[in-house]
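Under mature numbering (1 follows the signal peptide of the UniProt record, and there is no 0), residues -30 to -1, 1 to 365 are what the sequence shown spells out, in order. Every residue gets a Cβ at the ideal spot worked out from N, C-alpha and C, and that includes glycine. Structure first, commentary second.
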Amino acid sequence: MMQDQQRRNVMRVAVGLALAALAPIGAVQAAEKVKVGLMLPYTGTYASLGNAITNGFKQYVAEQGGTLAGREVEYFVVDDESDPAKATENANKLTKRDQVDVLVGTVHSGVALAMAKVARDTKTLMIIPNAGADELTGPLCSPNVFRSSFSNWQPGYAMGKVAAERGHKTAVTLTWKYAAGDEATSGFAKGFESGGGKVVKQLTLPFPNVEFQALLTEIASLKPDAVYVFFAGGGAVKFVKDYEAAGLKNSIPLYSSGFLTDGTLEAMGTSGEGLVTALHYADGLDNAKDKAFRSGYVTAYKAQPDVYAVQGYDAAQLLKAGLDAVKGSDKLDKDAMIKAMGAATIDSPRGSFTLSPAHNPVQDIYLRKVEGKENKVIGIAAKKLADPARGCKMM
Ligand code: PHB
């Protein structure tokens, strides 16, 4: 009897040890999912921008077999409507209710500023796939906040320098009155005036209004050598059509950050033909990554990609760079991810780029010209342009 009991105990211990030896294998089987909060505009004048960013992000994840660094990706999606008044509540839903690991958003600078405050307060990783608010990688820079797009200053400044090089002496600027418009036009003024030009008037209208008539009449009477605008999405289409209809297209050259003509040419018809703009992406770039990206995008979405799709794609690439650094561990070590993301070189369809110490892309700004339905690259407006990141304490 006693011997049987002993034998059973020995067996139990042996089985226990064997199971214990197996346990670590079970524990490393599946790393925890990564929870991605997409906070983007899916309605309003910037809806097409939010959709292109989403498409680009998901395209990269799909190319990785539906995972990033071996982790399944779980999406939580909020339509931010490009409404700054709803931004804090929307960002709180994703960080506090859904407890996402990373916030990806957004398009509108005013919304992104509120979102980044939530990210800073909750120490949530954030990747900005568009909004250019200079402050986000300037005085409000933060270790956990990254940008895969641009600062509003970058394309504005590059366009200003080129407008001066083209011999224009005076310019009028026109934009929506909010952070992106203010900063893009002041970037233009810096570049233009450093080349000897003078901005003689800065005109604005509230976002997202499209009643341009009185402003176009004022431009006609001011007769500047050139006009620089910041508009995007649906509003950009209306503006370019109105500029032509007002008879200004042939008399006063129109310049812009390339957002004016990116993703909008189909809707503009021929009114955009010939426009020259500056941006960190273009049609006709000669690089293999871009070719593969474009054919993948067309196959998946039956549409041509634009700069927003590229920025979404690169946001996913940046996240993967972070996740690679914590591969094999169950929990996400945020500090290790931040370090790896800051040091990453992103093999982007725009051409590869690195991040500045303030976490903004250091990148070429292309000069482009509208030919048919394309923003054809015609040169480089600024090589490896870094935002000055004034006021960022991480530098
Ligand atoms: C912005 O608000 O920062 C913004 C919006 C649309 C663009 C570019 C920048 O195309």
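Sequence-distant residues of its chain with Cβ nearer than 6 Å to residue 90 (five each side left out): Cβ within range, chain order: 112.
Counting pairs of Cβ atoms below 8 Å between the region 316 to 334 and the region 345 to 365, do you hit three or more? Flag = yes, the region 316 to 334 and the region 345 to 365 touch.
Counting C-beta neighbours from all protein chains within 10 Å, is the total for residue 183 16 or more, i.e. buried, or is it exposed? With fewer than 16 neighbouring CB atoms inside 10 Å of its own CB, residue 183 falls in the exposed class.
So what's residue 101 in DSSP terms, helix, strand or just coil? Looking at residue 101 - three-state DSSP - the assignment turns out to be coil, as it is neither helix nor strand.
Work out the CA separation of residue 289 and residue 215 for me, nearest whole Å. Going by the C-alpha atoms only, they are around 44 Å apart.
The ligand PHB and residue 77: does the residue's C-beta get closer than 7 Å to at least one heavy atom of that ligand? Yes, the beta carbon of residue 77 sits closer than 7 Å to at least one heavy atom of the ligand PHB.
Roughly how many whole angstroms lie between the Cα atoms of residue 165 and residue 260? Between residue 165 and residue 260, the C-alpha separation is close to 33 Å.
Exposure label - residue 254; buried when at least 16 CB within 10 Å: Residue 254 is exposed by the Cβ-count criterion.
Among 19, 14 and 15, which has the Cα closest to the Cα of residue 283? Closest by alpha carbon: 19.
Expressed to the nearest angstrom, what Euclidean distance is found between the alpha-carbon atoms of residue 96 and residue 246? Put simply, the backbone Cα of residue 96 is about 33 Å away from that of residue 246.
Secondary structure at residue 155, three-state DSSP: helix, strand or coil? Residue state, collapsed to three classes: helix.
Proximal residues to residue -10 (C-beta, below 7 Å), its chain only, five neighbours per side dropped: Only weak support exists for where residue -10 lies, its pLDDT of 44 falling under 50; the value from the coordinates is given anyway. Once the five neighbours on either side are set aside, residue -10 has no close Cβ partner at all.
Pick out whichever of 281, 280, 276 and 311 has its Cα sitting closest to the Cα of residue 293. Ranking 281, 280, 276 and 311 by Cα distance to residue 293 puts 311 first.
For the 8 Å Cβ check, are there 3 or more pairs between the region 112 to 124 and the region 171 to 189? No: fewer than three Cβ pairs fall under 8 Å.
Three-way DSSP call (helix, strand, coil) for residue 238 in this model: Of the three classes helix, strand and coil, the one that applies to residue 238 here is helix, per DSSP.
Run the proximity test for residue 450: is its beta-carbon closer than 7 Å to any non-hydrogen atom belonging to the ligand PHB? Here the chain has residues from -30 to 365 only, and residue 450 is not among them.
From the DSSP output, in three-state form, read off residue 121 for me. DSSP, read as helix, strand or coil, puts residue 121 in coil.
3-residue-minimum beta strand (DSSP E) runs that sit fully inside the region 222 to 288, ordered along the chain: Fully enclosed beta strand (DSSP E) runs of 3 or longer: 224 to 227 and 246 to 249.
Per DSSP, residue 196 is paired with what? Beta-bridge partners assigned by DSSP to residue 196: 141.
Where residue 15 sits in the DSSP three-state scheme: Residue 15 falls in the coil class under three-state DSSP.
Can you list, in chain order, the residues of its chain whose CB lies under 7 Å from that of residue 10, leaving out five sequence neighbours each side? The answer, listed in chain order, is 20, 23, 24, 50, 75, 76 and 77.
Smallest Cα separation from residue 54: which of 223, 70 and 149? Comparing Cα-Cα distances from residue 54 to each of 223, 70 and 149, the minimum goes to 149.
Rounded C-alpha distance that separates residue 171 from residue 244: Cα to Cα, residue 171 sits roughly 24 Å from residue 244.
Here's a check: name, in chain order, each residue in its chain whose Cβ is nearer than 6 Å to the Cβ of residue 207, leaving out the five neighbours to either side. Taken in chain order, the residues that qualify are 234, 237 and 238.
Determine, using beta-carbon pairs with one atom in the region 124 to 140 and one in the region 336 to 353, whether at least three such pairs fall under 8 Å. Judged by Cβ distances under 8 Å, the region 124 to 140 makes contact with the region 336 to 353, as three or more pairs qualify.
Within 10 Å of its beta-carbon, does residue 367 have 16 or more other beta-carbons around it, so buried, or fewer, so exposed? Coverage of the chain is limited to positions -30 through 365, which leaves residue 367 absent and any answer about it impossible.
Let me confirm a value: residue 359 is counted as buried when at least 16 other C-beta atoms fall within 10 Å, else exposed. Which label applies? Note on residue 359: 16 or more other CB atoms within 10 angstroms of its CB, so buried under the neighbour-count rule.
Buried or exposed: where does residue 256 fall if 16 or more other Cβ atoms within 10 Å of its Cβ makes it buried? Burial check for residue 256: the Cβ neighbour count within 10 Å stays below 16, so the residue is exposed.
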